[in-house]
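Reading through the structure tokens given below for one structure.
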Amino acid sequence: MNDWAGIAWLVVLLLANAFFVGAEFAVISARRSQIEPLAERGSRAAKTALYAMEHATLMLATSQLGITICSLLILNVSEPAIHHLLEGPLGLTGMPEGLVDTVAFVIALLLVSYLHVVFGEMVAKNIAFSVPDRAVLLLATPLVWVSKVFHPVIWALNWVANAVLRLFRVEPKNEAASTFTLDEVATIVTQSRREGVLDDVSGAVAAAVEFTDKKAKDVAVPLSEIVSLPETTTPDEIERAVAKHGYSRYVIVDLEGEPVGYVHLKDVLKAADDGDVPAKYARPIPPKRIHHMVPVLETTDLEDALAVMRHQGRHLARVRDAEGRTTAVLFLEDILEELIGEVHDATRRRH
Numbered sequence: 001m002n003d004w005a006g007i008a009w010l011v012v013l014l015l016a017n018a019f020f021v022g023a024e025f026a027v028i029s030a031r032r033s034q035i036e037p038l039a040e041r042g043s044r045a046a047k048t049a050l051y052a053m054e055h056a057t058l059m060l061a062t063s064q065l066g067i068t069i070c071s072l073l074i075l076n077v078s079e080p081a082i083h084h085l086l087e088g089p090l091g092l093t094g095m096p097e098g099l100v101d102t103v104a105f106v107i108a109l110l111l112v113s114y115l116h117v118v119f120g121e122m123v124a125k126n127i128a129f130s131v132p133d134r135a136v137l138l139l140a141t142p143l144v145w146v147s148k149v150f151h152p153v154i155w156a157l158n159w160v161a162n163a164v165l166r167l168f169r170v171e172p173k174n175e176a177a178s179t180f181t182l183d184e185v186a187t188i189v190t191q192s193r194r195e196g197v198l199d200d201v202s203g204a205v206a207a208a209v210e211f212t213d214k215k216a217k218d219v220a221v222p223l224s225e226i227v228s229l230p231e232t233t234t235p236d237e238i239e240r241a242v243a244k245h246g247y248s249r250y251v252i253v254d255l256e257g258e259p260v261g262y263v264h265l266k267d268v269l270k271a272a273d274d275g276d277v278p279a280k281y282a283r284p285i286p287p288k289r290i291h292h293m294v295p296v297l298e299t300t301d302l303e304d305a306l307a308v309m310r311h312q313g314r315h316l317a318r319v320r321d322a323e324g325r326t327t328a329v330l331f332l333e334d335i336l337e338e339l340i341g342e343v344h345d346a347t348r349r350r351h
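With the UniProt record's numbering, the residue at position 124 of the sequence shown is 124, and numbering never jumps.
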């Protein structure tokens, strides 16, 4: 082969090696949360990138095969060409022929190794780490195409690698991890606040992390601390309760003190909309004006309790223990306070 053709092949092989290295790191570094919205909007590159991320071990096997082939070809094609080109100038120095051959080989080996490590490996790796989402959109499509062309070989290599892992009782995974655990998120938030990267003056971000770890019983108000009214309460009595306690919602209990629902101040106004107002105010609140409470267990995750209350449009939930006994009442306001801090509202929960 012509020496200058060998140099040209060196450039081509370095670019190919860089492609496989960049694609490998892009697939394992990119986040699904950044790629999925693009795929939902119809981006073909994003859909292919998601496929590559979901078949990460196959893509890594493809990349490793490509890197290995490129590395071997660089040494076997480019090094002899550079070696031969160096022999001429070195021969003019008057060194013995054997020494010229040795020096030319060492220089060629060092030069090829340097170009291979820096331009074929490190530059590509650093670019993929710096902009993984852009890199995976650009590189995933050709990588998937290569994996399909050489699928039998790559599948066999991947199968052998997975079999070796299983011998050591390690379960192989096809998809790169793209999520964080709650503890990891908490650590990220704490570290970001410490270094001044995250400005969480209100504490809302930290509260949101802690929120996901709480249960209904952690926020619910015990029955002994609830201001309740009997089923026979009248609009007039509710008005007096509002004047005395300042709450706008009251739990309604039966003769045994068991919560049966709740009323809001606006229900008093609705109860006296029509007819003789003084007479309406003296009668008990109609059952249709009493809102039922969503039942949740003490061990229900707070975020799940919030979802149920929002779905049913209720501001209060009845909290029960494992035996089915009502032990507390969960207020929507208190759940929101866990996320955003004190909520200044007419509805309050304690005396």
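By construction, the Cβ of each residue, glycine as well, lies at the ideal position given by its N, Cα and C atoms.
Computed from a prediction, not measured in an experiment: that's the story for all the values here.
Report the option in the options whose CA atom is closest to the CA atom of residue i.
i, options, result
"T299", "I69, K214, A5, S130", "K214"
"residue 397", "H292, T234, R31, H116", "The chain is shown only over 1 to 351; residue 397 falls outside these bounds and no answer can be derived."
"I335", "A220, R32, E258", "A220"
"V136", "V146, A46, E54", "A46"
"D304", "L332, A322, A124", "L332"
"R249", "Y262, A243, R240", "Y262"
"L65", "A56, L157, D301", "L157"
"I290", "T326, A322, V253, D301", "V253"
"G88", "H245, P142, D3, A140", "D3"
"V12", "L73, T57, F25", "L73"
"Y114", "S147, P152, S71", "S71"
"V227", "L306, A328, V296", "A328"
"A243", "L265, T232, T233", "L265"
"S147", "T62, P286, H292, W9", "T62"
"S29", "L60, V160, V296", "L60"
"N126", "H292, A26, V164", "A26"
"L330", "A322, Q34, V296", "V296"
"residue 361", "Q34, G246, P284, V170", "With the chain covering 1 to 351 only, the question about residue 361 has no answer from this structure."
So residue i is in the beta strand (DSSP E); what residue range does that whole segment cover?
i, result
"A317", "316 to 320"
"Y262", "259 to 264"
"I252", "249 to 253"
"P230", "228 to 230"
Would you say residue i faces chain C, with C-beta separation under 8 Å as the test?
i, result
"L73", "The question asks about chain C, but that chain is absent: this structure has only one protein chain."
So is residue i buried or exposed if we call it buried at 16+ other beta carbons inside 10 Å?
i, result
"S224", "exposed"
"P235", "buried"
"K288", "exposed"
"E40", "exposed"
"F129", "exposed"
"K217", "buried"
"N76", "exposed"
"H55", "buried"
"M53", "buried"
"G257", "exposed"
"P132", "buried"
"L139", "buried"
"E24", "buried"
"L255", "exposed"
"A124", "buried"
In terms of DSSP beta bridges, what is residue i paired with?
i, result
"H291", "Y262"
"V221", "V329"
"D301", "K215"
"V296", "V319"
Can you name, in chain order, every residue of its own chain whose Cβ lies under 6 Å from the Cβ of residue i, other than the five neighbours on each side?
i, result
"V294", "V308, M309, Q312, R314, A317"
"E79", "A108, V112"
"P37", "none"
"F180", "In this prediction, F180 has a pLDDT of 49, which is less than 50 and means its spatial position is unreliable; nothing more can be read from the coordinates."
"F150", "none"
Within the same chain, show all residues whose beta-carbon is closer than 7 Å to that of residue i, passing over the 5 residues directly before and after it, in chain order.
i, result
"L86", "A104, I107, A108"
"V100", "E87, L90, G91"
"T141", "A45, T48"
"L167", "none"
"Y51", "V144"
"H84", "D3"
"residue 367", "Coverage of the chain is limited to positions 1 through 351, which leaves residue 367 absent and any answer about it impossible."
"T68", "none"
In terms of residues, what are the limits of the alpha helix (DSSP H) holding residue i?
i, result
"P37", "32 to 40"
"F129", "123 to 130"
"R240", "235 to 245"
"H151", "151 to 167"
"T68", "56 to 73"
"A89", "Correcting the residue type first, residue 89 is Pro in the shown sequence and not Ala. From DSSP, the alpha helix (DSSP H) with P89 extends over 79 to 91."
"I7", "3 to 29"
"S43", "No alpha helix (DSSP H) contains S43, which DSSP labels as neither H nor E."
"G313", "From DSSP, G313 is part of no alpha helix (DSSP H); its letter is neither H nor E."
"G98", "97 to 117"
Can you find the residues in the same chain that come closer than 8 Å, C-beta to C-beta, to residue i, ignoring five residues on each side of it along the sequence?
i, result
"A5", "A81"
"L229", "E237, I238, A241, Y250, V251, I252, V253, V263"
"I162", "One detail in the question is off: residue 162 reads as Asn in this sequence, not Ile. Result list for N162: T57, P172, in chain order."
"M95", "V103"
"T326", "L223, E258, P259, R318, V319, R320"
"E121", "N17, A18, V21"
"L306", "L332, I335"
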